[in-house]
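Below you'll find the structure, written out as structure tokens, and then a few comments.
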């Protein structure tokens, strides 16, 4: 008696032939065929299976020789019937798996009766998706939604030069008012300076009607020629991350070659520039006593960065500001708390050294000195949980604006047509207040609004308040006073 089975060896899954007593073990296929759903062919001499990527294949039961089995069929789809089926799946699945069995007080049967007739007459899939999402919106919940299975349209990208340009002023070209650090225009080869004027992109002159993003469409990483003209010195427009670069004065016109980057890459550069500026500002305001770090998301890469910066940024400081503003969430709060809530049980003193404790004995780097947390209305989900936890555990004061109030553990499922239904399945209640964090954001100990004028001028009253609060705490702990 012989058994045919799919099995994995050295990372490759293939078809194997094994006798019932194990005396013969033979690998029939090679190349990581990944066979599944094995069926004997009607000839009894070969095995049909689904291979890698869902292709249908056939292997000889003796030699293991693999051949493809061409297959095609026609499926007749009734769009209206399919829409109703998907609608019913979405409604039923949400009703069975939503974290609150009371459905946030919504009569879920009534929602089906209200929206199903609209779903039946929807003309386009986009319209149908909108109807499903309106039904889900009746739950007044975060972390849910419906996304159709098909493409939404053509995705075009535009290159970014790393320049901030003044609005058109009726003259040829556009004046450079800022250069993004480490961006394409800031390279040594280009070295475009604030005060110069961008005159042309690939010989296309920039006049009042020129659409720069059209000229840079699909040009990411391509060689692009810029014509730059020096102008009389221009007063720099202040922006966060101002590092005081020199301004070039009147001179020759020149041509430079740059390679534009994507919008996402530009966003990363602007982010790092913003963090550096905040670190410099905290260092200045605190006289070097406080460290500052920003947590961009509650994800594994950012968790690793958090642990690194507890040493590289915070080591030797008296206190630490942890900023979770504009953080979209994730899952890492408890890992961060594991580094911030360590209690000492001993002090070690090596010969000739000072008192301390070996970090190598701890699974994670630890920070036990005072901290303060910054959050705002754009702190979401796990970033809110972190803000709540700092207050609940008494680990430090929170400064900024009330968070979004969107805290639910979420997952999702595919529906019949490949669409995706996001499913909130687990609620979070604060041990500090007893409240459901969904709909109840973390309220800072010090509420500090920030308006567009602050953004435009480069000031940050939330950061400045956090520095004062933590310095006050350090002063009180030391029995002294701090400067205001």
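In our numbering, the protein residues as written are 829 to 1312. Don't be surprised by glycine CBs; every beta carbon is placed ideally from N, CA and C. Bear in mind that the values here come from a model prediction, so they are computed numbers and not experimental data.
- Pairing residue 1209 with residue 1235 gives a Cβ-Cβ distance under 7 Å.
- Comparing alpha-carbon positions, the option among 1044, 1034, 989 and 1179 lying closest to residue 1095 turns out to be 989.
- It is roughly 29 Å from the alpha-carbon of residue 1089 to the alpha-carbon of residue 1141.
- In the DSSP assignment, residue 1134 falls within the unbroken alpha helix (DSSP H) covering 1128 to 1140.
- Taking residue 835 as the centre and dropping the five residues before and after it, the same chain places the C-beta of 844 closer than 6 Å to its C-beta, in chain order.
- Taking 3 residues as the minimum length, the beta strand (DSSP E) runs contained wholly in the stretch 1196 to 1232 are 1199 to 1203 and 1224 to 1228, in order along the chain.
- Per DSSP, residue 932 has no beta bridge partner at all.
- When the five nearest sequence neighbours on each side are left out, the beta carbons in the same chain lying within less than 6 Å of the beta carbon of residue 847 are those of 830, in order along the chain.
- When DSSP states are grouped into helix, strand and coil, residue 1123 belongs to the coil group.
- A Cβ-Cβ separation of about 5 Å places residue 1250 in contact with residue 1240 under the 8 Å criterion.
- In the three-state scheme derived from DSSP, where H, G and I count as helix and E and B as strand, residue 1169 is classed as coil.
- Taking a C-beta distance under 7 Å as the contact criterion, residue 1110 and residue 1118 qualify as a contact pair.
- The beta carbon of residue 876 is closer than 6 Å to those of 867, 869 and 886 in its chain, skipping five residues each way along the sequence.
- Sequence-distant Cβ neighbours of residue 1215 in its own chain, meaning closer than 7 Å and more than five residues away, are 1152, 1201, 1203, 1207, 1226, 1231 and 1270.
- Counting only residues of its own chain and dropping the five nearest sequence neighbours on each side, residue 855 has a CB closer than 7 Å to the CB of 842 and 844.
- Note: residue 1006 is bridge-paired with 992 in the DSSP secondary-structure output.
- For residue 998, the secondary structure class from DSSP, reduced to helix, strand or coil, is coil.
- Here residue 1011 is near residue 1097, since their CB atoms are less than 7 Å apart.
- Cβ contact annotation for residue 1015 (same chain, cutoff 8 Å, sequence separation greater than five): 1086, in chain order.
- Non-local beta-carbon contacts of residue 884 in its own chain, meaning distances under 6 Å to residues more than five positions away in sequence, involve 897 and 899 in chain order.
- Annotated three-state conformation of residue 1293 is helix, per DSSP.
- Judged by beta-carbon spacing, residue 1103 lies beyond the 7 Å limit of residue 1150, meaning their Cβ atoms are not closer than that value.
- Residue 961 and residue 984 have their C-alpha atoms some 26 Å from each other.
- A straight line joining the alpha-carbon of residue 1019 with that of residue 951 spans about 54 Å.
- Per DSSP, the unbroken beta strand (DSSP E) holding residue 840 starts and ends at 840 to 847.
- Distance from the CA of residue 1050 to the CA of residue 1040, rounded to the nearest whole angstrom, comes to 15 Å.
- When the alpha-carbon of residue 895 is set against those of 971, 932, 878 and 970, the nearest one is in 878.
- Comparing alpha-carbon positions, the option among 1233, 934 and 1194 lying closest to residue 1212 turns out to be 1233.
- A direct Cα-to-Cα measurement between residue 1286 and residue 998 gives close to 28 Å.
- Per DSSP, the unbroken beta strand (DSSP E) holding residue 1027 starts and ends at 1025 to 1029.
- With three or more CB-CB distances shorter than 8 Å, the stretch 1131 to 1138 counts as touching the stretch 1161 to 1175.
- Under the criterion of beta carbons closer than 8 Å, residue 1001 and residue 963 do not qualify as touching, at roughly 52 Å.
- In this structure residue 1101 is not in contact with residue 1007, their Cβ atoms being roughly 11 Å apart against a cut-off of 8 Å.
- Within the DSSP bridge table, the entry for residue 886 names 876 and 895 as partners.
- The DSSP-derived three-state label of residue 1264 is strand.
- About 5 Å separates the beta carbon of residue 934 from that of residue 966, a gap short enough to meet the 8 Å contact definition.
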